[in-house]
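Here the sequence shown stands for residues 1 to 153, where the numbers follow the UniProt record's numbering.
By construction, the Cβ of each residue, glycine as well, lies at the ideal position given by its N, Cα and C atoms.
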Amino acid sequence: MITKLNSNNKETAYEIRSLFQASYRIEAALLNVSDFPPLNRELVDFLNSDTEFYGLFRDDKMVAIVEVKSLEGKTDIESLVVHPEYFRQGLGKRLMQFILKTFDSEIFTVETGLKNKPATELYKQLGFYEQQQWDTEFGIRKVKFIRTKDNTM
């Protein structure tokens, strides 16, 4: 079941942050970086966030989350995390499909580390196209993907 989460609730924000930490520790290792900005997000950042969070639950346990920001016909997928115990079960794909169906946007964007092959392959599989690559100040090569509503570029 996918549910909109209230990140302004302290308990919910704590659960969101905990899942982000578990998932992003794995991504940091995959990208071979020690200073990984997503791991630096504090509880207050989630409590005060202007983004929307949707959680995927299994047996009343939140196992995956997508974070989005949608404005004027464009939806940015800010984060997509799956608890490491649930990797490779299609949960990230389910959340992405949910966002693509739920938000009436002309354009969808998502960014990830170039070395994060599971994520880059998922986005390509869902019809996203690479728009650009760049190096961050943290030594991470990032890639931005874009997709239009009707999946044409």
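Among the options, which has the Cα closest to the Cα of residue i?
i, options, result
"serine 79", "Pro37, Tyr86 and Leu71", "Pro37"
"isoleucine 26", "Thr3, Leu47 and Glu85", "Glu85"
"glutamine 89", "Lys144, Arg58 and Arg41", "Arg58"
Alpha carbon to alpha carbon, what distance is there between residue j and residue i?
i, j, result
"glycine 55", "leucine 95", "8 Å"
"serine 7", "threonine 148", "28 Å"
"leucine 30", "valine 82", "15 Å"
"asparagine 9", "leucine 43", "11 Å"
"glycine 139", "lysine 117", "17 Å"
"arginine 17", "lysine 61", "14 Å"
"valine 33", "leucine 39", "11 Å"
"threonine 23", "glutamate 72", "Note that residue 23 is serine in the sequence shown, not threonine. Each residue's alpha carbon lies about 30 Å from the other."
Residue i bridges to which residues according to DSSP?
i, result
"threonine 12", "Beta-bridge pairing links threonine 12 to no other residue."
"lysine 149", "None; lysine 149 has no bridge partner."
Secondary structure, beta strand (DSSP E): runs of 3+ residues fully inside the UniProt domain "N-acetyltransferase" (14-147): 52-58, 61-71, 74-82, 107-113 and 129-135
Under 8 Å, with one C-beta from each stretch per pair, do the stretch 99-107 and the stretch 131-140 reach the 3-pair mark? no
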